[in-house]
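As you go down the protein sequences, you meet chains L and E in turn. Residues in the first sequence are numbered from 11 upward in steps of one, following our numbering. Residues in the second sequence are numbered from 11 upward in steps of one, following our numbering. Heads up, the beta-carbon is just placed ideally off N, CA and C, and yes, glycines get one too.
Protein chains: 2
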Amino acid sequence: MTASHHLHGHLIGQPGSRDQLNTPALIVDLDALRANIAAMAAFARAAGVALRPHAKTHKSADIARLQIAAGAAGLCCAKLGEAEALAAEGIGSILLTSPIVTPPAIERLIALNDRLPHLTVVADHPAAVAALATANTGRPIRVLVDIDPGIHRTGTASAQDAVALARQIADAPCLTYGGVQFYCGSQQHIATFAERRAAIADRTAYLQTVIAALTDAGLAPPVVTGGGTGTHRIDAELGVLTELQVGSYAFMDREYHDCDLGTSFATALMVDTRVISANRPGMATLDAGLKSFATEAGVPVFVAGAPDGGTYRFMGDEHGAVTVPAGATTPPLGTRLTAMTPHCDPTVNLHDAYHVVQGDTLVAIWPITARGRSA
Amino acid sequence: MTASHHLHGHLIGQPGSRDQLNTPALIVDLDALRANIAAMAAFARAAGVALRPHAKTHKSADIARLQIAAGAAGLCCAKLGEAEALAAEGIGSILLTSPIVTPPAIERLIALNDRLPHLTVVADHPAAVAALATANTGRPIRVLVDIDPGIHRTGTASAQDAVALARQIADAPCLTYGGVQFYCGSQQHIATFAERRAAIADRTAYLQTVIAALTDAGLAPPVVTGGGTGTHRIDAELGVLTELQVGSYAFMDREYHDCDLGTSFATALMVDTRVISANRPGMATLDAGLKSFATEAGVPVFVAGAPDGGTYRFMGDEHGAVTVPAGATTPPLGTRLTAMTPHCDPTVNLHDAYHVVQGDTLVAIWPITARGRSA
Numbered sequence: 011m012t013a014s015h016h017l018h019g020h021l022i023g024q025p026g027s028r029d030q031l032n033t034p035a036l037i038v039d040l041d042a043l044r045a046n047i048a049a050m051a052a053f054a055r056a057a058g059v060a061l062r063p064h065a066k067t068h069k070s071a072d073i074a075r076l077q078i079a080a081g082a083a084g085l086c087c088a089k090l091g092e093a094e095a096l097a098a099e100g101i102g103s104i105l106l107t108s109p110i111v112t113p114p115a116i117e118r119l120i121a122l123n124d125r126l127p128h129l130t131v132v133a134d135h136p137a138a139v140a141a142l143a144t145a146n147t148g149r150p151i152r153v154l155v156d157i158d159p160g161i162h163r164t165g166t167a168s169a170q171d172a173v174a175l176a177r178q179i180a181d182a183p184c185l186t187y188g189g190v191q192f193y194c195g196s197q198q199h200i201a202t203f204a205e206r207r208a209a210i211a212d213r214t215a216y217l218q219t220v221i222a223a224l225t226d227a228g229l230a231p232p233v234v235t236g237g238g239t240g241t242h243r244i245d246a247e248l249g250v251l252t253e254l255q256v257g258s259y260a261f262m263d264r265e266y267h268d269c270d271l272g273t274s275f276a277t278a279l280m281v282d283t284r285v286i287s288a289n290r291p292g293m294a295t296l297d298a299g300l301k302s303f304a305t306e307a308g309v310p311v312f313v314a315g316a317p318d319g320g321t322y323r324f325m326g327d328e329h330g331a332v333t334v335p336a337g338a339t340t341p342p343l344g345t346r347l348t349a350m351t352p353h354c355d356p357t358v359n360l361h362d363a364y365h366v367v368q369g370d371t372l373v374a375i376w377p378i379t380a381r382g383r384s385a
Numbered sequence: 011m012t013a014s015h016h017l018h019g020h021l022i023g024q025p026g027s028r029d030q031l032n033t034p035a036l037i038v039d040l041d042a043l044r045a046n047i048a049a050m051a052a053f054a055r056a057a058g059v060a061l062r063p064h065a066k067t068h069k070s071a072d073i074a075r076l077q078i079a080a081g082a083a084g085l086c087c088a089k090l091g092e093a094e095a096l097a098a099e100g101i102g103s104i105l106l107t108s109p110i111v112t113p114p115a116i117e118r119l120i121a122l123n124d125r126l127p128h129l130t131v132v133a134d135h136p137a138a139v140a141a142l143a144t145a146n147t148g149r150p151i152r153v154l155v156d157i158d159p160g161i162h163r164t165g166t167a168s169a170q171d172a173v174a175l176a177r178q179i180a181d182a183p184c185l186t187y188g189g190v191q192f193y194c195g196s197q198q199h200i201a202t203f204a205e206r207r208a209a210i211a212d213r214t215a216y217l218q219t220v221i222a223a224l225t226d227a228g229l230a231p232p233v234v235t236g237g238g239t240g241t242h243r244i245d246a247e248l249g250v251l252t253e254l255q256v257g258s259y260a261f262m263d264r265e266y267h268d269c270d271l272g273t274s275f276a277t278a279l280m281v282d283t284r285v286i287s288a289n290r291p292g293m294a295t296l297d298a299g300l301k302s303f304a305t306e307a308g309v310p311v312f313v314a315g316a317p318d319g320g321t322y323r324f325m326g327d328e329h330g331a332v333t334v335p336a337g338a339t340t341p342p343l344g345t346r347l348t349a350m351t352p353h354c355d356p357t358v359n360l361h362d363a364y365h366v367v368q369g370d371t372l373v374a375i376w377p378i379t380a381r382g383r384s385a
């Protein structure tokens, strides 16, 4: 039960209730969300690739259930705490996409494996695999070899290292070798499709050399998981990944909108904000600042409520501003404005609940199940 | 009860337990926090100025109680939700530092006023004062006139507007005119003391003209509240403010450390993070990224665990990197590193709990009472 349930629960189902929400409010357009989920599910089915959406985007059991109902094989989680929170809500198949290396985390991983129907984790270091193999004496844990595509965040550094790690996993009595993960994070937001395609084709050629080395060693990967919203069409066309880890497609954000993805998916995530001060010509102050929008990917963009050409500016922790072009009317005190989020994942992580709307009616409040579960 | 209480509650009081915390973990050094709280309280007493620390920094009922026990007159809150959350935990005197303008917010404000011993709110627009005056038919609400010091975020734009608004408040049957607020937000982080002093002296001269106009109109302000950690010495010396709204002094952060405040206050807030991937020379990947540190004010700075000259780099939502200088040893898998936060307020707002330590022992877990309460 979030604070928003207490404040807004009585508004659910009342026509026009979106306008009565206390702001700033994180908004999900249910029809757009459903259309995005259906479109990606249809795409994956047609491409013959499994779909495992990334829960680090939405951190929501409600949205995870919609994705599974549309055909997803399960969810990805970035962190153990995220996986624990979704498992507690009944999500049964989870891939943990970051290495688990410390003793307290390994203990939690084993406990989670014991209560989850399907848990898979990635590893990129022999010491971590050895620690996991020593600690787990019960039900086998499925482990993927994480391969560094060149961004040097996580992953084995060479085909040789990948083969050695896969063998170590396969040889451990209570571990199961499940295949490989290959996530090209820094390629997702290359602005033009042609450049994005060239970058992914180059990286996929490298992935194929690793897969060939694994296959030569008798360790052909049953699962090759990776990809993202920015590259899913390219990944499917290249045909090497068996599973897509797309996340942002469910919501869309300004970053992906700038990358030509706005034609495939609708903006389903927004923040409603209001004018709380309007004493200067050409601008007005809003109640949503850097505690309501992530700041690392530029500014929000207004999709409703602002005059044409009105732009958002951060004004500190608690406030933003709408700046209006010369000659336009400054929105008066109390005006509600709606903004597309700059980067959806860290914006969602600032809020406690989704205010789910159809048209201008609040139809549900969904808690952000795994908010803040970064450990 | 936060997720961290479930994960870490059994560690409280165990020597060396800080090293067993799942990371990333927001850490408060209790001795440093107490010293900072005592130092500011002593400063305000000596200067003869009231102390009303800003809760938007810590959002914590536990820390608010320590500040009140040290002599604070009450707390500031940035948003109504923050005030509601702290009021529910027994904090009895709150100043709301942002204007409340919409009908649902005014309704909540009146309800809060009815159950709080001392509530004060600011206003900067005649329409908002009129709405509040019409809505409130019960116990009077104390209202301050917010004065724009030139940052154009909130506040009346001229002495004339301030006088008109003060008169409107004084004339309303269920409102009480309480004085003025004057918060020089953009002056707080001017790097050198001399330039900061010059800027505040200039702004305070303007404030004095507004106070003179109010006084001439028979509306001399009983309370003149404002200031911040960056300017508190200057504000006290200039002697115009009657109440200081300092926030960050309790924790300190890298921003204020860069502004010469590190000599007056100790670093009491940190994030512990661990190496979860180490496959490349000269760098290692950490489990704390942009969901664990605010990103709008530069990067965290390591205070423990990293080699000399080791620097932090953001590596996406869930990860960071420590980059080590040539010749230094890269921290191996599992190493715990500690970083000072870039900007404390929005970093705190990412987490659900403080892990309170003395030395290397976890001594308490405090929930971040008003986390995410931006509406």
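Distance between beta carbons of residue j and residue i, contact taken as under 8 Å
i	j	result
residue 365 of chain E	residue 18 of chain E	7 Å
residue 262 of chain E	residue 279 of chain E	7 Å
residue 187 of chain E	residue 174 of chain E	Not quite, the Cβ-Cβ distance comes to about 12 Å (not below 8 Å), so this is no contact.
residue 112 of chain L	residue 81 of chain E	Residue 112 of chain L to residue 81 of chain E, Cβ: 42 Å. No contact.
residue 265 of chain E	residue 329 of chain E	That pair is no contact at about 23 Å.
residue 238 of chain E	residue 192 of chain E	Rounded, the Cβ-Cβ distance is 11 Å, inconsistent with contact.
residue 132 of chain E	residue 154 of chain E	5 Å
residue 241 of chain E	residue 210 of chain E	5 Å
residue 317 of chain E	residue 333 of chain E	With 8 Å as the limit, residue 317 of chain E and residue 333 of chain E do not qualify as a contact, their Cβ atoms being about 10 Å apart.
residue 234 of chain L	residue 250 of chain L	6 Å
residue 179 of chain L	residue 145 of chain L	Incorrect: roughly 14 Å between the Cβ atoms, too far for contact.
residue 73 of chain E	residue 227 of chain E	Going by Cβ atoms, the distance from residue 73 of chain E to residue 227 of chain E rounds to 39 Å, so no, they are not a contact pair.
Residues bridged to residue i [DSSP beta-bridge criterion]
i	result
residue 15 of chain L	In DSSP, residue 15 of chain L forms no bridge with anything.
residue 187 of chain L	L/153
residue 64 of chain E	E/86
residue 330 of chain E	E/296, E/324
residue 364 of chain L	L/376
residue 312 of chain E	E/349
residue 192 of chain L	L/236
residue 290 of chain E	E/293
residue 282 of chain L	L/35, L/348
residue 133 of chain L	L/155
residue 128 of chain E	E/103
residue 166 of chain L	L/157
residue 253 of chain L	L/60, L/235
Selection from the options that minimises the alpha carbon distance to residue i
i	options	result
residue 27 of chain E	E/272, E/375, E/221	E/375
residue 61 of chain E	E/40, E/99, E/147, E/245	E/245
residue 75 of chain E	E/369, E/104, E/56, E/362	E/104
residue 101 of chain L	L/127, L/91, L/111	L/127
residue 215 of chain L	L/159, L/270, L/167	L/159
residue 65 of chain L	L/52, L/51, L/47, L/93	L/93
residue 134 of chain E	E/171, E/213, E/63, E/379	E/171
residue 181 of chain E	E/208, E/203, E/163, E/150	E/150
residue 270 of chain L	L/201, L/218, L/291, L/139	L/201
residue 342 of chain L	E/138, E/322, E/226	E/138
residue 208 of chain E	E/231, E/248, E/225	E/248
residue 303 of chain E	E/289, E/351, E/297, E/295	E/351
Nearest-angstrom Cα separation, counted from residue j out to residue i
i	j	result
residue 310 of chain L	residue 335 of chain L	17 Å
residue 354 of chain L	residue 195 of chain L	15 Å
residue 369 of chain L	residue 35 of chain L	15 Å
residue 109 of chain E	residue 161 of chain E	16 Å
residue 157 of chain E	residue 327 of chain E	38 Å
residue 166 of chain L	residue 189 of chain L	13 Å
Closer than 8 Å: residue i CB and nearest the ligand GDP heavy atom
i	result
residue 15 of chain E	Of ligands this structure carries none, so the ligand GDP is not represented either.
Give, in chain order, every residue of the region 260-290 of chain E whose Cβ lies closer than 9 Å to some Cβ of chain L.
-> 284, 285, 286, 287, 288, 289, 290
Looking at chain E, which residues of the region 19-42 of chain L have a Cβ within less than 7 Å of any of its Cβ atoms?
-> 30, 32, 33, 34, 35
Under 7 Å (Cβ pairs) to chain L, residues found in the region 92-111 of chain E | 108, 109, 111
For the region 115-128 of chain L, which residues have a beta carbon sitting closer than 9 Å to at least one beta carbon of chain E?
-> Of all residues in the region 115-128 of chain L, those with a C-beta nearer than 9 Å to a C-beta of chain E are 115, 118, reading in chain order.
What residues in the region 350-369 of chain L have a beta carbon less than 7 Å from any beta carbon of chain E?
-> 355, 356, 359, 360, 361, 362
Interface residues of the region 135-164 of chain L facing chain E [CB-CB below 7 Å] | Cβ contacts with chain E: 135, 137, 138, 158, 162, 163, 164.
Can you list, in chain order, the residues of the region 333-344 of chain L whose Cβ is nearer than 9 Å to any Cβ on chain E?
-> 342, 343, 344
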